[in-house]
Amino acid sequence: MQPQIQVPLSQLKIDPANVRKDSDLKPSFLASISEKGVIQPLTVRKNGDGYLVTDGGKRLAALQAISKRGKNGGDPMVAVVVRDDTDIEAADTSLTTNYIRDDMHPADEYEAFATLKAGGMSREDIRKRYGLSNKEVDQVLELGALSPNVRLAWKEDRLREDAAQAFTLEPDHARQDAILKKLGKWPNRYQVRTAILGEDREHGKLMVFVTPKAYEDAGGKIIKDLFAQNHEAASHVSDPALLMRLAEDKVKAERDKLLADGWSFAEYDVSNQRYQLDRLDRGSYKPKAVDKARSGCLLHLNHDGELVTEKWFVKTKEATSAAKAKTTKADAATTKSPTTLSNALKQRLNAQLLKATQQALLEDTKDSGLDEALAKIVAAQITPDRAGYMPRQVTDGLAAVRANLTPKIILAAVVKNFDAKNYFSGAPKNIVIAAIKEAAFNDTQFKPAGKTKADIWKFAVANVTKTGWLPKELRGPYYTGPAKAVAAPAKAAKKGKK
117 MQPQIQVPLS
127 QLKIDPANVR
137 KDSDLKPSFL
147 ASISEKGVIQ
157 PLTVRKNGDG
167 YLVTDGGKRL
177 AALQAISKRG
187 KNGGDPMVAV
197 VVRDDTDIEA
207 ADTSLTTNYI
217 RDDMHPADEY
227 EAFATLKAGG
237 MSREDIRKRY
247 GLSNKEVDQV
257 LELGALSPNV
267 RLAWKEDRLR
277 EDAAQAFTLE
287 PDHARQDAIL
297 KKLGKWPNRY
307 QVRTAILGED
317 REHGKLMVFV
327 TPKAYEDAGG
337 KIIKDLFAQN
347 HEAASHVSDP
357 ALLMRLAEDK
367 VKAERDKLLA
377 DGWSFAEYDV
387 SNQRYQLDRL
397 DRGSYKPKAV
407 DKARSGCLLH
417 LNHDGELVTE
427 KWFVKTKEAT
437 SAAKAKTTKA
447 DAATTKSPTT
457 LSNALKQRLN
467 AQLLKATQQA
477 LLEDTKDSGL
487 DEALAKIVAA
497 QITPDRAGYM
507 PRQVTDGLAA
517 VRANLTPKII
527 LAAVVKNFDA
537 KNYFSGAPKN
547 IVIAAIKEAA
557 FNDTQFKPAG
567 KTKADIWKFA
577 VANVTKTGWL
587 PKELRGPYYT
597 GPAKAVAAPA
607 KAAKKGKK
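Each residue of the sequence shown is one higher than the one before, starting from 117 at the first, in the working numbering.
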């Protein structure tokens, strides 16, 4: 074993045989050397009155930089191991030490930071010792505090780094583990965030309306997202129910005012009822007492967090009465059902189809002949509830992907994700009736005349789905239910299948 000795820094210079040519010194590396010194001795060989550093060039550069700043006593002593190498042997030594070196996995690195903090080292000491910014030290400590199961999934490549970062939004290890198990293989960042935070796109508007101070004064906490990306909110609420309650309390005065004015109901629109309830077609017509008595108002926040009041909504019982009271042409016109789905309902169907595609793609990697690694990459790019953020190449190619999946697997996934109650309750009445007829229910089995919209969609939910029927927006070459399936896109040839 080569002897270890102490030599002055001034006697050391980089060995031309050192194969590592990069000299980029990160602030964290410099901070560590400055605080702790060189822990692993440099490997050197004799060169006249001095020494050539065969392995440890970055450590040497850091010591020289610190010396120039006058922070290590001018010419400090440095621990070295002396080898009697020729030029070729020195190059081989340098290559060997660099080639066989395995970098620490980020998860282990962050866990080590968390261990330092748990052992009593302050956040500020960690920041200074490793040259981290305030944000960086918060990030490494949060990642180091992840559940052991989440860290293991990350180290085993069952979880990408950006998805692991999303888990920091949930401090409870048990819930982290439950979410990891529920999401299954290779969950992407958006899926993890949604599982933790819910669909919180409305929370930003509510927070503007309620104000952060009022929310925190009421006991709510604002969760900071240390890893928020460009389009993501940098903070989230810990208690959405509290935020919603505060918003409703704030609009109570307006609701009371509307009720006092004679409207039959005035509600804060939590579940987008305005896209589902029937509505009297009165436009700018000044409401009379009889109109107010049979209809009501829904209040909601616009994109800027401002309160908006929409009127003329009728609930099931009132809508039925209005339909029967066809005393004028205007009233008759108001009962006419739309012939197309709303954009909101179309978007929900598209999200269901995307989620089904994602699930089937991951399940069908062997049967479909798709390479598992490629399937993971494609599946990670599918974001069911944020279709607009998907790469165009992925969006354009999904129909062909579905055509190459095993029909029974993609069909099962689509059926599983189809929300029949949401669809039939939100679709226009005549579209629901058409679906019932398409599913082979004749006038003897179901007579729509005289039935309310609620009666019709409840019948559809209970009976139509049992026939295997799906909306045309969810159909593909895999569809086997009533009516004809759509034509299949051109299929890619599958290797290894005949």
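Built from N, CA and C at the ideal position, the CB exists for glycine as well.
Kindly indicate the opening and closing residues of the beta strand (DSSP E) around residue i.
i	result
residue 479	Counting along the chain, residue 479 falls outside any beta strand (DSSP E), though it belongs to the alpha helix (DSSP H) covering 459-479.
residue 424	423-430
residue 416	412-417
residue 197	193-198
residue 246	Note, residue 246: premise wrong, no beta strand (DSSP E); not H, not E.
residue 384	382-384
In chain order, what residues of the same chain lie with their CB nearer than 8 Å to the CB of residue i, ignoring the 5 residues before and after it?
i	result
residue 335	355, 358
residue 437	With a pLDDT of 49 at residue 437, under the threshold of 50, the modelled position of this residue cannot be trusted; read the value that follows with caution. Cβ neighbours of residue 437 beyond the five flanking positions: 410.
residue 328	338
residue 548	540, 569, 572, 573, 576
residue 247	142, 143, 144, 145, 146, 147, 148
residue 161	131, 167, 168, 170, 198, 199, 200, 201, 206
residue 250	243
By the DSSP assignment, the alpha helix (DSSP H) with residue i in it spans what residues?
i	result
residue 323	319-326
residue 360	356-376
residue 268	264-271
residue 135	No alpha helix (DSSP H) holds residue 135; DSSP gives it neither H nor E.
residue 586	Neither: residue 586 is in no alpha helix (DSSP H) and is coded neither H nor E.
residue 184	173-184
residue 539	536-542
residue 280	277-282
residue 524	523-533
residue 514	508-520
residue 571	569-579
Between the options, which has its C-alpha nearest residue i's C-alpha?
i	options	result
residue 378	397, 261, 404, 133	404
residue 364	395, 322, 396, 391	322
residue 540	368, 570, 513, 517	570
residue 519	266, 457, 477	477
residue 368	425, 240, 391, 285	425
residue 371	414, 221, 200	414
residue 395	383, 376, 427	427
residue 332	343, 353, 383	353
residue 133	250, 206, 488	206
residue 616	578, 598, 593, 590	Because the chain spans 117 through 614 in this model, residue 616 falls outside it and cannot be assessed.
residue 460	390, 516, 491, 471	390
residue 150	266, 408, 594, 182	182
residue 590	203, 495, 463, 416	463
residue 154	165, 137, 140, 180	180
residue 174	208, 191, 373, 156	156
residue 521	550, 558, 473	473
residue 594	360, 527, 286	527
Could you check what DSSP says for residue i in three-state terms: helix, strand or coil?
i	result
residue 162	strand
residue 120	strand
residue 306	helix
residue 556	coil
residue 130	strand
residue 338	strand
residue 168	strand
residue 394	strand
residue 289	helix
residue 227	helix
residue 154	coil
residue 445	A caution first: residue 445 carries a pLDDT of 40, below 50, which makes its placement in the model too unreliable to give a value.
Who are the Cβ neighbours of residue i in its own chain at under 6 Å, not counting the five residues just before and after it?
i	result
residue 171	159, 210, 213
residue 311	295
residue 289	263
residue 223	267, 270, 271
Excluding sequence positions up to five away, which residues of its chain have a Cβ less than 7 Å from the Cβ of residue i?
i	result
residue 230	257, 260, 261
residue 278	305
residue 587	465, 539
residue 307	299
residue 269	275, 296
residue 121	196, 198
residue 265	293, 296
residue 126	191
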